[in-house]
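Heads up, the thing below is written out as structure tokens.
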């Protein structure tokens, strides 16, 4: 797995990132990765029709278990995953919250000692134009702001907004049960939870500093003020200008 990251402490969130489609070491371990998964995860993996999507799911979820196992001091199979009634992954009895996102071979997982957390990562530029999603994703103010941008910048700006909303909806544990267009996602601002998650704390969402070609965001309660990013393996990513680990304040 490369050098394991240190567990987040205090007001810190940890985001671990890796590229599972461009590193043969990861792909060679597909069978071992499948063995790490729970029965439910294996069943989900087998539903993917496209082998690449299946492999990405398997490796991403296996690495999620490996990293959390290291942090919790348990085997990957013994990571105490559970789900809320709305499907949000939780780690009962550990004091940690966690979230996973994967897209096009890139994987991001987040963990912190807090009530909830959400992470999202997407390929940029998007495969399809984003303008058709304006009414689905944007509040009226956000839609107007996007239309004021030069046309060549709109898709990336829309994708960045989408990752912030995805991260928030994951942190609040509601997914797409809450329309993204009903939720503001201003970076660096405390966002109150939707009515469906009224017992959750307000969260701050911020963009992740990622290699060219990727956009991501992290959402966490206002008590989380620091962010540490760690790439796996320790020398990754060889083809980007991102350091193996960096810290910043939220």
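Residue numbers (the numbering used here): 27 to 276.
Positions of the beta carbon are idealized from the N, C-alpha and C atoms, including for glycine.
Alpha helix (DSSP H) segment containing residue i, residue limits
i	result
residue 77	77 to 98
residue 221	Here residue 221 belongs to no alpha helix (DSSP H), and DSSP marks it neither H nor E.
residue 62	56 to 62
residue 145	Taken as a continuous stretch (DSSP letters only), residue 145 belongs to no alpha helix (DSSP H), being part of the beta strand (DSSP E) at 144 to 149.
residue 71	65 to 72
Alpha-carbon spacing of residue i relative to residue j, whole angstroms
i	j	result
residue 36	residue 98	16 Å
residue 198	residue 56	32 Å
residue 38	residue 60	31 Å
residue 259	residue 45	9 Å
residue 100	residue 72	26 Å
residue 128	residue 93	15 Å
residue 79	residue 173	34 Å
residue 184	residue 156	7 Å
residue 102	residue 132	21 Å
residue 223	residue 138	19 Å
residue 30	residue 96	7 Å
residue 145	residue 32	19 Å
residue 130	residue 81	11 Å
residue 76	residue 62	21 Å
residue 228	residue 211	12 Å
residue 196	residue 176	30 Å
Status (buried if at least 16 other CB within 10 Å, exposed otherwise) for residue i
i	result
residue 250	buried
residue 204	buried
residue 281	One cannot answer for residue 281 here, as it falls past the ends of the chain, which runs 27 to 276.
residue 221	exposed
residue 225	exposed
residue 148	buried
residue 168	buried
residue 274	exposed
Residue i versus the options, residue with shortest Cα-Cα distance
i	options	result
residue 161	140, 151 and 188	188
residue 213	196, 223, 204 and 234	234
residue 124	113, 65, 40 and 136	136
residue 158	180, 176, 175 and 140	180
residue 140	31, 190 and 40	40
residue 215	194, 258 and 119	194
residue 120	130, 142, 254 and 134	142
residue 245	106, 69, 88 and 192	192
Strand pairing of residue i, partner residues [DSSP]
i	result
residue 115	109
residue 40	137 and 254
residue 275	252
Residue i - containing beta strand (DSSP E), residue span
i	result
residue 232	229 to 233
residue 245	240 to 247
residue 207	Careful: residue 207 lies outside any beta strand (DSSP E) and carries neither H nor E.
residue 124	123 to 129
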